[in-house]
Amino acid sequence: MIRNGKNIYDFVDPDIESKLAALEEEEEKLEAEGYYDSDESVEDAEEANIRMKADLIREKQQLIRNASKMRKSLKNRALIPRSAKARKLSEMQSHLESIGFDAASASTRVQGQTQSQTQSRGRGLTRSDMEIADAMDIDGSGDDRNATRQELLQRAKSRARSQAPANRLVDGITDMKSRSKADKMAKLAQIKMNRMARQGEADRHTTASLPKHLFSGKRGMGKTQRR
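Per the working numbering, the sequence shown starts with residue 75, numbered consecutively.
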């Protein structure tokens, strides 16, 4: 039988019936042995770990999207300054530890400030307390008052000497790796300033894009400059 210039009998296998019967017999045997009853959705430990990490990444991305939406929705409202926002002590500790600082001393200082603020919110001096304090000041001698002033001055001077000025080149840098990264970022930031011939970060001077003495009144032919 010829069709489209080809003999169909060339594509027919004479043993097709026997091969089909053998395949059906093998399929029935596999079904009887329960080969297809096994759970194909069983995952190994590696696949389960990858799936768990993917779920965590999706959850983190969704939280970031929600926070961005909240920030955009508050554009036309009065925002609280960053310095006035309430921060958790645990957040500060985790941030300091992430950049390589010891958070123990900072936590102790914050707790001490909180206690002092709590104590300062206590009962204020009444009128009778103020009168007693004034009477005690009047009864005290001038020498005691002068001694107290001198002690306060000496204490202030010693405190000023103990607080040395911080070196801002290394302030906030904990190791050599961070220092080299900071130096590299500073050099990269300097490239644009050097290319534009800026005198410093505050230089905003803009030169004329079309200087008048170069572009006004020029003739197309000859040497006459203006007319």
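Glycine is no exception: its CB is placed at the ideal position from the N, C-alpha and C atoms.
* Could you tell me which residues DSSP pairs with ARG77 in its beta bridges? => LYS80
* To do: With DSSP as the reference, label GLU225 as helix, strand or coil.
  => helix
* Asked: Under three-state DSSP, which class holds LYS127?
  -> helix
* Asked: Cα separation between TYR110 and LEU104?
  -> 7 Å
* Would you check if there are 3 or more beta carbon pairs closer than 8 Å linking the stretch 133 to 149 to the stretch 158 to 177? => no
* State the Cα-Cα distance for the pair ARG229 and ARG223, rounded to the nearest angstrom. => 10 Å
* So what's GLY186 in DSSP terms, helix, strand or just coil? -> helix
* Asked: Does the separation of the CB atoms of ASP118 and GLY174 fall below 8 Å?
  -> no
* Cα separation between TYR83 and GLU120? -> 52 Å
* Asked: Is DSSP giving LEU262 helix, strand or coil here?
  -> helix
* In this structure, does DSSP put ALA158 in helix, strand or coil? -> helix
* **Distance between beta carbons of ILE247 and ALA256, contact taken as under 8 Å** => 6 Å
* Asked: What's the gap between the Cα of ASP89 and the Cα of MET75?
  -> 19 Å
* Rounded C-alpha distance that separates GLN187 from LEU243 -> 29 Å
* Nearest-angstrom Cα separation, counted from ARG278 out to GLY164 -> Reading off the sequence, residue 164 comes out as Ser, not Gly. Near 42 Å, if we compare the C-alpha coordinates of ARG278 and SER164.
* **Cα-Cα separation between THR281 and ALA263, rounded to whole angstroms** => 22 Å
* Asked: Going by Cα to Cα distance, which pick from ALA141, VAL184, MET267, ASN140 is closest to ARG161?
  -> VAL184
* To do: Compare the beta carbon distance of ALA180 and MET166 with 8 Å and say whether it is the shorter of the two.
  => yes
* Under a three-way DSSP split, which group does HIS169 fall into? -> helix
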